[in-house]
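In the working numbering, the protein residues as written are 8 to 128. The beta carbon of each residue, even a glycine, is placed where N, CA and C say it ideally should be.
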Amino acid sequence: SKSTIIPESFTDNAFLVSANSNETFNNLGRFSTRYTIPISYPGEGGMLVPAYLQAIYLSAFSHTITNLEQDSLEELISASRSVFGAGLHFQFNIANLTFDFGFGVSFEPTRNNAKFVFGDF
Numbered sequence: 008s009k010s011t012i013i014p015e016s017f018t019d020n021a022f023l024v025s026a027n028s029n030e031t032f033n034n035l036g037r038f039s040t041r042y043t044i045p046i047s048y049p050g051e052g053g054m055l056v057p058a059y060l061q062a063i064y065l066s067a068f069s070h071t072i073t074n075l076e077q078d079s080l081e082e083l084i085s086a087s088r089s090v091f092g093a094g095l096h097f098q099f100n101i102a103n104l105t106f107d108f109g110f111g112v113s114f115e116p117t118r119n120n121a122k123f124v125f126g127d128f
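Take a look at the structure:
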């Protein structure tokens with residue numbers, strides 16, 4: 008979700024206006040938040056073994072997308088979709104390269120769907 012226009016946390020194609028329609032958004036707006044809560048910093052690494060676990064942390068996130076082609080604020084809000092979620096992340100270092108992997112769950116209230124997410128979200 009940090010590097011894509013549409014976060015993978017959504018349960019279906021987020022460009023579709025509704026689950027029962029093939030109509031798509033032409034102008035899409037996105038607002039995202041992410042909160043990170045550190046749990047532990049277990050490793051410092053070293054010269055002989057440059058691969059180590061640098062950090063373990065929890066995250067809470069939300070993503071909202073909406074069709075920007077609405078005539079009023081009320082229509083803009085009703086055309087929006089939001090997803091909320093939380094996950095557990097592990098940050099690894101190999102030499103000077105950092106990798107962040109995690110797993111979590113997301114929930115989309117407007118579709119009443121939950122999704123398991125894995126990777127860099």
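- Of the candidates F97, Y48, F108 and S87, S87 places its Cα closest to the Cα of S69.
- As DSSP reads the structure, F106 sits in a beta bridge with F99.
- Looking at the DSSP output, I72 bridges to R37 and R88.
- The straight-line gap separating the alpha-carbon atoms of S113 and V90 is approximately 6 Å.
- P57 and F97 have their C-alpha atoms roughly 16 Å apart.
- Nearest Cα to S66 within the set T40, A121 and N119: T40.
- Look at L55 here: in three-state DSSP terms it is coil, with no helix or strand label.
- Under the 10 Å beta carbon count, N119 is surrounded by fewer than 16 other beta carbons and is classified as exposed.
- L60 places its beta carbon less than 7 Å from that of P49.
- Beta-bridge analysis with DSSP links G50 to no other residue.
- Closest option to D127, judged by alpha-carbon separation, among F110, T117, E115 and A121: F110.
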